[in-house]
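*Asks:*
Residue numbers (this note's numbering): 65 to 135.
Pasting the structure below:
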């Protein structure tokens with residue numbers, strides 16, 4: 065993406081990002097699409113795009129603070 069502009073507040077902190085209209089439309093469509101997709105559809109799209117997958121048991125263990133490898 066090109067022509068990205070960051071607008072800062074008086075303290076120099078970033079407040080807004082200005083992006084090209086086409087990029088905004090693409091991001092808006094992606095967000096709206098994901099909101100109505102089922103988990104299985106999101107998973108299938110991620111795999112098609114070369115995304116990774118992990119066993120749910122390992123994810124659950126990580127989220128609970130345990131080691132993902134059973135002891």
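Don't be surprised by glycine CBs; every beta carbon is placed ideally from N, CA and C.
What's the C-alpha gap between residue 121 and residue 130?
*Replies:* Those two C-alpha atoms are separated by around 11 Å.
*Asks:* Give the straight-line distance between the Cα atoms of residue 123 and residue 110, rounded to the nearest whole angstrom.
*Replies:* Taking the straight line joining both Cα atoms gives about 17 Å.
*Asks:* Taking the C-alpha atoms as reference points, what is the distance between residue 102 and residue 108?
*Replies:* Each residue's Cα considered, the two are about 10 Å apart.
*Asks:* With DSSP as the reference, please indicate the residues paired to residue 77 in a beta bridge.
*Replies:* According to DSSP, residue 77 bridges with nothing at all.
*Asks:* Taking DSSP as the reference, what is the three-state secondary structure of residue 70?
*Replies:* Strand at residue 70.
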